[in-house]
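Comments concern the structure below.
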Amino acid sequence: MNELKLRDIVRLLLFILIQVLILKRIVISAPFLNLIHVFLFPLALLLMPFGLSRMTGLFIAFFAGLILDFFYDSPGVIAASSVLLMYMRAFILKWLEPRGGYIVQSKPALGILGRRWVISYTSIGMGVFLVAYFSLEAFSPVYIISILAKSIMSFLTSMVFVLFYMFVLYSGGRNA
Amino acid sequence: MQNLLIFISRYGVFLTFLFLQTICLTLIVKYNNSQRAIFINSSNLATGWMVNKTDQIYGFFNIRTVADSLSYDNARLRTALEKSYVKPLTTSEEITSATEDSEYNYMPARVINNSVQLWDNKITLNKGQRDGVERGMGVINERGIVGIIVNTSDRFSQAYSVLNTQVRVSVSHEKSGQFGTLVYQRVDPRYMTLVDLPKYAEVSIGDTIVTNRFSSVFPDGVVVGTIADYAVEDGTNFYNIKVRLSHDMGRLDYVYIIDYINKKEQLELEGENDE
C-alpha cells in the first residue's frame, strides 16, 4: 500500500521550518503590491505519495496549514489554501496522467515522469495554492487585479525555489 | 443506514473537504481583522438589500411610524422653515401647530465617510433604515446641497455626493427663475457645471443658483452656489455655467436628510401622465 512514509512527514516538517524560519522573511516589495510571499511549503503536499488516501491528505494539509497560519498570523488562510490544493491534487494528477497510468507506489518522481511533467505538476499546484492564498488574503473580488498581480509575482519567485528543489535536491524519482 | 454509509464512502472526501474549508473560513473571518471587516460589510450589504426590499412592502403601513420617529429636531426645523409648509390662508399661530400640512421632514445626521477626490464621490451617513432613511432622499447642510441617498443599511446610509457624475440636480437661476441641470464634471470639487439653462436668461457672475422642486428631492430654494463663469455653448441655445459651490464639500460634518412626504404621490401622478 501507499502509506505515508517517515520521509514524507520529515520532509513536510522540514519544509514548514524552512517556510517559517527563512522564506517568511523574504518579502519583496514592489510598487502597488505590498507583500509578496515566497512559498515552498505546498511542494511538500504535492510530493505526498500518490496513493495516499485523500482523506488523510486533506487532514495533513489542514494541520500543516494551520501550523503555518500561526506563524503567519493569519488563522485559516494558509490552511484553507492547503486543503484546497490537496483536494485539487487528485484532479491535477488525473489530468496529467501519462499514458499507461502512474506506476503504483511511485511518488511524483522526476526520473520516471520526466522533466516536463514535473514542471507542469508543480506549476499547476503552486498556481492553485497561490491564487487561493491571495484571494483569501484579500477576501473580496474587488481586489481581483491585486490578487492576480500578487499571485503571478509570487508564483514566479516561488517557482525558482520549487524547481531548484525538484531538479537539484530531490532524488526520489531517480532511484525509485 | 446502509445508504448513509454508501453516501459517506462515495462523497466522504468531498464532505471532508467542505468540512475543513468551513473550519478554515470560520477561522479566517473570526480572527483576521480585514477579512472580518469585509465579511461583515458584505453580509450587511446583503441583509441591507433584503431589509430594503421588505421595507418597501411595509413602507406603506409604516409611514406614520416613520414620521413619528423623526426626532424633536425635525419638528423644530419644520417650524423654523417657512418653506416647509403649504402656505396660504393661515396665520402664523396656525402654522406652528399645523404639522399635518408639512411637506418636508428634516432628519439630522452626521457624515462618517466622505471623499471629494474621486470622479464618483460618495458619502456615508450615520442614519439608516432604522431611522427612516430611504433611497432617493436628498441631503443638505445649513449652507447648501450635499447629495442624494442611494443605499441604506440598517444603521447607515450611503449617498451620492453632488460631486458624482451620476448625479443630476434640477436647479434654477434665482434672478430669472430659469432652470437647468447641475452636473459634476470631475475637474475641481469646488465647482460644478450648470447646463441646459436657456441663453435668453440674463445671468451675471455672482448670481445665486438655488434648487427647485422639479426633482422632488430637494425643497425649493436651497442655495447651491454662485456663478463663477459662464459662456453660451457653441451651436446651442444654452449656457454652460461654472458654479462655485456655496460650501466646501470636503468639510462636511452635520447634514440633514430630507424626506419629501408627498414624493410617492407626486411621482405616481407624473408617472400616470406619461402613460
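Top to bottom, those sequences are chains D and S.
Each residue of the first sequence is one higher than the one before, counting from 812 in the working numbering.
Each residue of the second sequence is one higher than the one before, counting from -3 in the working numbering.
Idealized CB from N, CA, C, for every residue including glycine.
Measuring alpha carbon to alpha carbon, tell me which residue in the options is nearest residue i.
i: V213/S; options: A155/S, N233/S, D225/S, G246/S; result: A155/S
i: G140/S; options: N233/S, V158/S, T12/S, L114/S; result: V158/S
i: K835/D; options: R865/D, F874/D, K816/D, L879/D; result: L879/D
i: I223/S; options: Y250/S, L178/S, Q113/S; result: L178/S
i: L832/D; options: S885/D, F850/D, L854/D; result: F850/D
i: S969/D; options: Y944/D, H848/D, I903/D, I820/D; result: H848/D
i: R126/S; options: D150/S, D184/S, G176/S, S38/S; result: D150/S
i: V239/S; options: S38/S, R6/S, D203/S; result: D203/S
i: S885/D; options: Y944/D, L895/D, S957/D; result: Y944/D
i: I871/D; options: Y883/D, L895/D, S957/D; result: L895/D
i: I237/S; options: E266/S, V167/S, Y252/S, K260/S; result: V167/S
i: G8/S; options: I958/D, L817/D, Y898/D; result: Y898/D
i: T120/S; options: Y252/S, K260/S, E264/S, D225/S; result: Y252/S
i: S153/S; options: V219/S, T22/S, N109/S; result: N109/S
i: V942/D; options: F881/D, F882/D, L959/D; result: L959/D
i: T232/S; options: V219/S, V191/S, D225/S; result: V191/S
i: E229/S; options: N147/S, L23/S, T189/S, N(-1)/S; result: T189/S
i: A227/S; options: Y250/S, M245/S, A197/S, G246/S; result: A197/S
i: C20/S; options: E908/D, R926/D, S893/D; result: S893/D
Show which residues of chain D have a CB atom less than 7 Å away from the CB atom of residue i.
i: F13/S; result: L869, V894, Y898
i: L16/S; result: L869, F873, V894
i: Q31/S; result: F950
Could you compute how far the alpha carbon of residue i sits from the alpha carbon of residue j?
i: L248/S; j: T867/D; result: 58 Å
i: L974/D; j: I930/D; result: 8 Å
i: F10/S; j: I889/D; result: 19 Å
i: E170/S; j: I205/S; result: 6 Å
i: I257/S; j: S962/D; result: 52 Å
i: L854/D; j: L924/D; result: 16 Å
i: F972/D; j: Y932/D; result: 15 Å
i: F13/S; j: K905/D; result: 18 Å
i: F3/S; j: L877/D; result: 29 Å
i: G887/D; j: Y981/D; result: 29 Å
i: M977/D; j: I955/D; result: 31 Å
i: E99/S; j: W115/S; result: 33 Å
i: R106/S; j: E138/S; result: 13 Å
i: A94/S; j: Q262/S; result: With a pLDDT of 41 at A94/S, under the threshold of 50, the modelled position of that residue is not reliable, and no figure is offered here.
i: L16/S; j: A891/D; result: 8 Å
i: L828/D; j: L947/D; result: 23 Å
i: K195/S; j: I201/S; result: 14 Å
i: S5/S; j: R865/D; result: 12 Å
i: V979/D; j: I820/D; result: 20 Å
i: L815/D; j: A949/D; result: 34 Å
i: R910/D; j: S39/S; result: 48 Å
i: V953/D; j: I935/D; result: 24 Å
i: I145/S; j: L1/S; result: 55 Å
i: R900/D; j: L863/D; result: 11 Å
i: R818/D; j: L824/D; result: 10 Å
i: K259/S; j: Y102/S; result: 14 Å
i: R131/S; j: F874/D; result: 48 Å
i: G124/S; j: F940/D; result: 41 Å
i: E266/S; j: S951/D; result: 41 Å
i: R186/S; j: P215/S; result: 22 Å
i: R209/S; j: S30/S; result: 43 Å
Tell me residue i's beta-bridge partners as DSSP assigns them.
i: K118/S; result: Y156/S
i: G221/S; result: I205/S, L241/S
i: T177/S; result: S166/S, V191/S
i: G143/S; result: V135/S, S157/S
i: F234/S; result: P194/S
i: I254/S; result: Y102/S, G134/S
i: V107/S; result: L121/S
i: T148/S; result: S153/S
i: Y226/S; result: I237/S
For residue i, which residues in chain S fall below 9 Å Cβ to Cβ?
i: P886/D; result: C20, L23, I24, K26, Y27, N28
Less than 8 Å separating the beta-carbons of residue i and residue j?
i: V142/S; j: I136/S; result: yes
i: M133/S; j: I254/S; result: yes
i: N48/S; j: N117/S; result: no
i: L858/D; j: R822/D; result: yes
i: G217/S; j: L241/S; result: no
i: V165/S; j: S211/S; result: yes
i: L193/S; j: G173/S; result: no
i: F852/D; j: F826/D; result: yes
i: V183/S; j: Y235/S; result: no
i: G938/D; j: F966/D; result: yes
i: G44/S; j: T148/S; result: yes
Taking C-beta pairs closer than 9 Å, name the residues in chain D that residue i reaches, listed in chain order.
i: I34/S; result: A949, F950, S951, V953
i: G8/S; result: R865, M866
For a contact meaning CB atoms closer than 7 Å, what does residue i contact in chain S?
i: A891/D; result: Q17, C20, L21, I24
Measure from the C-beta of residue i to each C-beta in chain C and report whether the shortest distance is under 8 Å.
i: L114/S; result: This model lacks chain C altogether, as its protein chains are D and S.
Any heavy atom of the ligand ADP inside 7 Å of the beta-carbon of residue i?
i: T50/S; result: This structure lacks the ligand ADP; in fact it carries no ligand of any kind.
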